[in-house]
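Visitor: Position one of the sequence shown corresponds to residue 0 (numbering that gives the first Met the number 0), numbered consecutively onward.
Ideal Cβ placement from N, Cα and C applies to all residues, glycine included.
On a predicted model such as this, the values are computed, not experimentally measured, just so you know.
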Amino acid sequence: MVKALHGPFPNLAMMPTGGVSLANITDWFEAGVMLVGAGSNLVDGASQGDYEKVTVTAQQYRAKIAQIKDTRR
Numbered sequence: 000m001v002k003a004l005h006g007p008f009p010n011l012a013m014m015p016t017g018g019v020s021l022a023n024i025t026d027w028f029e030a031g032v033m034l035v036g037a038g039s040n041l042v043d044g045a046s047q048g049d050y051e052k053v054t055v056t057a058q059q060y061r062a063k064i065a066q067i068k069d070t071r072r
């Protein structure tokens with residue numbers, strides 16, 4: 000869907016907010032999105048009171064995004 004929209008709208012900045020995970024975040028950026036929104040996947044641990052899990056997951060997202068940015072340079 001992202002690549003299909005980039006054809007007629009090459010300057011459109013897109014931000015997916017559903018279905019984003021650590022497993023597919025690279026695919027989203029390779030498809031051409033500018034940024035992503037992570038929701039339930041990011042804060043899953045909070046529902047069980049496991050805030051350490053939320054912290055660790057956030058750190059994993061930051062590391063993955065930094066890795067993606069480095070490969071784009």
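Cα separation between Leu4 and Ala12?
Guide: 10 Å
Visitor: Output the distance between the C-alpha atoms of Leu41 and Ala22, rounded to the nearest integer angstrom.
Guide: 12 Å
Visitor: DSSP three-state label for Gly18, please.
Guide: coil
Visitor: Can you tell me the Cα-Cα spacing of Gly18 and Asp26, whole angstroms?
Guide: Going by the C-alpha atoms only, they are around 12 Å apart.
Visitor: What residue range is occupied by the uninterrupted alpha helix (DSSP H) comprising Arg61?
Guide: Tyr50 to Arg71
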